[in-house]
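Here the structure comes first, spelled out in structure tokens, and everything after it is commentary.
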Amino acid sequence: MTVIRVLVLDFDGVLTDNLVHVDSEGKESVCCSRADSLGIAMVVESGIKVFVLSSEKDPVVAHRCQKMGLDYAKGIEDKRTFLGSWLAHNNFSSRELMYIGNDINDIGCLELAEIGAVVPGSPPDVVAVANCFLNAPGGRGAVREACDLLLSGDI
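If you number the sequence shown the way the working numbering does, the last residue is 211 and the count never jumps.
Okay, structure coming up:
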């Protein structure tokens with residue numbers, strides 16, 4: 057049986073609904089799920105490390121992660137290389153990793169992870185490398201669904 061000790065999440069399209077709202081002054085905002093936040097808190101309480109890895113440079117990544125008390129890296133172009141180094145530095149192996157992504161910049165991380173999960177609407181080439189398929193959309197409960205699966209021992 058696989059024992060997952062670390063959950064790594066993409067930000068846009070996983071913790072958000074993959075949409076950007078722009079107001080009349082050009083200020084951007086995103087939509088996140090409070091259910092996802094609660095799921096993350098329960099997983100962290102169970103002893104699983106949660107980390108957010110994003111290629112997005114916008115400060116919203118930092119603001120949201122800080123509010124949830126999560127470590128994060130943003131503006132990362134080569135996410136697979138970064139994640140491999142991060143795992144080694146934190147004494148995790150890829151066999152202990154669940155990664156949730158949604159787009160082509162997540163393919164390397166999905167391939168690296170023991171459990172590579174995708175949300176609905178992910179492109180076919182991303183779905184092709186995944187081995188876990190979430191039902192809830194990004195920013196609308198996908199992370200909570202994954203957290204519930206981890207906590208129940210169903211994955």
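C-beta atoms are modelled at their ideal positions from N, C-alpha and C, and glycine is treated no differently.
From the options, residue whose alpha carbon lies closest to that of residue i
| i | options | result |
| --- | --- | --- |
| residue 1 | 181, 69 and 86 | Limits of the chain in this structure are 57 at one end and 211 at the other, which puts residue 1 out of reach. |
| residue 92 | 181, 80 and 69 | 69 |
| residue 59 | 88, 103, 141 and 145 | 103 |
| residue 127 | 105, 145, 101 and 141 | 105 |
| residue 90 | 130, 111 and 121 | 121 |
| residue 74 | 80, 66 and 81 | 66 |
| residue 112 | 134, 101 and 123 | 134 |
| residue 108 | 147, 165 and 170 | 165 |
| residue 152 | 159, 94 and 143 | 143 |
Residue i - containing alpha helix (DSSP H), residue span
| i | result |
| --- | --- |
| residue 100 | 90 to 101 |
| residue 123 | 116 to 124 |
| residue 140 | 135 to 145 |
| residue 201 | 198 to 208 |
| residue 182 | 180 to 183 |
Identified DSSP bridge partners for residue i
| i | result |
| --- | --- |
| residue 72 | 88 |
| residue 107 | 64 and 127 |
| residue 165 | Paired residue(s): none; residue 165 is not in a bridge. |
| residue 188 | 173 |
| residue 77 | 85 |
| residue 132 | Per DSSP, none; premise fails for residue 132. |
Whole-Å CB distance - residue i paired with residue j, under 8 Å assumed
| i | j | result |
| --- | --- | --- |
| residue 63 | residue 154 | 5 Å |
| residue 172 | residue 188 | 6 Å |
| residue 194 | residue 158 | 6 Å |
| residue 204 | residue 125 | The Cβ separation is near 20 Å, so there is no contact. |
| residue 100 | residue 207 | Actually they are not in contact, since the Cβ atoms of residue 100 and residue 207 sit about 11 Å apart, beyond 8 Å. |
Range of the contiguous beta strand (DSSP E) that encloses residue i
| i | result |
| --- | --- |
| residue 157 | 153 to 157 |
Interface flag, residue i vs chain C, CB-CB below 8 Å
| i | result |
| --- | --- |
| residue 178 | Annotation note: the requested chain C is absent from the structure, which comprises a single protein chain. |
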